[in-house]
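Numbering (the numbering used here), first residue to last: 85 to 426.
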């Protein structure tokens with residue numbers, strides 16, 4: 085324990101009680117000083133949840149004996165986002181000590197969010213969806229890494245990819261990094277399932293001096309993590325085929341647009357229309373991994389006639405799949421027939 089940090093905590097608590105008692109909902113302690121990983125240069129991590137606008141006046145940063153401190157606010161809305169795993173500061177809700185509560189209601193509200201967070205952790209489908217979100221973020225950051233103009237920028241994006249994929253793996257294992265970055269590698273080593281070569285690639289990204297190797301390692305890390313998530317999806321049972329209801333009706337006009345533009349030899353519009361259809365087909369693949377429709381692989385601007393034929397095959401493959409699983413298609417021969425059903 086640090087005398088200086090203890091005094092900072094005491095100061096913050098007394099200041100709230102004396103000057104902001106009705107303006108602050110909660111004062112909370114988190115981080116290394118709370119979880120036992122602090123060192124001689126560690127600060128004390130404190131934040132408060134404002135009750136009034138005046139509470140924001142409490143916020144301040146300062147340095148004491150070369151150690152920086154930051155007493156900062158987080159709104160109830162942001163704390164709720166953290167509890168729903170929409171903000172990566174999970175320990176700020178899951179691993180905190182309440183130092184001050186304005187009321188029993190405020191304390192109960194926060195503890196309810198803590199309970200909500202832990203319920204999410206036990207929800208396999210929920211955490212898998214959050215893992216996928218982190219993977220998507222990493223893929224987006226990969227694009228920024230490829231376009232980086234400097235070593236500094238490249239390393240910044242690579243660090244983001246490491247954090248995003250580490251969170252992805254943690255969420256996949258239905259946990260999070262309770263002690264933040266400080267013990268991230270040690271925590272990863274303890275997880276039940278890791279992507280192939282995850283820790284080796286992690287270490288390589290940290291140590292390489294080549295921007296090209298950095299890109300390749302980040303791509304490999306993304307691919308390895310994606311493979312782990314897809315393996316889980318392939319193990320899903322009790323597929324809900326009713327999710328396919330209405331999907332063909334939505335795509336029918338898009339298929340027709342491709343056929344028409346192929347006849348008109350409008351390669352650009354065929355390409356973009358097919359890309360829109362591919363997005364829809366990929367969404368179906370997300371739920372049914374054995375259903376794969378790789379439409380765009382057949383596109384050839386110099387041979388649109390063949391692409392029209394391949395599109396027709398995929399459309400009929402989709403229709404056949406629906407029929408095999410007794411999914412109805414709302415198709416009418418005439419407008420009169422349709423109107424009779426309304």
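Built from N, CA and C at the ideal position, the CB exists for glycine as well.
{"query": "Proximity below 9 angstroms, CB of residue 346 to CB of residue 380", "result": "no"}
{"query": "Test item: CB-CB of residue 256 and residue 215 under 9 angstroms", "result": "yes"}
{"query": "Near the ligand FMN: residue 132 beta-carbon under 8 angstroms from a heavy atom", "result": "Ligands in the displayed structure: none, and consequently the ligand FMN is not present."}
{"query": "Residue 403: first and last residue of the uninterrupted alpha helix (DSSP H) it sits in", "result": "388-408"}
{"query": "Counted within 10 angstroms of its Cβ, other Cβ atoms place residue 280 as buried (16 or more) or exposed", "result": "exposed"}
{"query": "Residue 145, DSSP secondary structure in three states", "result": "strand"}
{"query": "Euclidean distance between Cα positions of residue 378 and residue 240", "result": "34 angstroms"}
{"query": "For residue 220 and residue 408, the rounded distance between their alpha carbons", "result": "32 angstroms"}
{"query": "Check whether residue 176 and residue 117 have beta carbons under 9 angstroms apart", "result": "no"}
{"query": "Anticipated Cβ contact below 8 angstroms, residue 156 with residue 184, distance rounded", "result": "Actually they do not touch by this definition, with Cβ atoms about 15 angstroms apart."}
{"query": "Cβ shell of residue 335 (< 7 angstroms), same chain only, five flanking positions each side left out", "result": "361 and 364"}
{"query": "Enclosing beta strand (DSSP E) for residue 114 [first to last residue]", "result": "108-114"}
{"query": "Residue nearest to residue 480 in terms of C-alpha spacing, selected from 375, 250, 366 and 310", "result": "The structure shown does not extend to residue 480, since the chain is modelled only from 85 to 426, so the question has no answer here."}
{"query": "CA-to-CA distance, residue 173 to residue 295, given in whole angstroms", "result": "29 angstroms"}
{"query": "DSSP-derived helix/strand/coil call for residue 183", "result": "strand"}
{"query": "Pairwise C-alpha distance: residue 210 and residue 406", "result": "28 angstroms"}
{"query": "Residues near residue 89 by beta carbon distance below 6 angstroms, same chain, minus five either side", "result": "117 and 128"}
{"query": "Strand pairing of residue 153, partner residues [DSSP]", "result": "146"}
{"query": "In DSSP terms, what residue 130 is bridged to", "result": "113 and 155"}
{"query": "Residue 175 in three-state terms, based on DSSP", "result": "helix"}
{"query": "Complete runs of the alpha helix (DSSP H) confined to the region 205-271 [at least 4 residues]", "result": "208-230 and 235-256"}
{"query": "Sequence-distant residues of the same chain with beta carbon closer than 7 angstroms to residue 376, five excluded per side", "result": "369"}
{"query": "Where residue 269 falls, given that 16 or more other Cβ within 10 Å makes a residue buried", "result": "exposed"}
{"query": "Alpha-carbon spacing of residue 152 relative to residue 290, whole angstroms", "result": "26 angstroms"}
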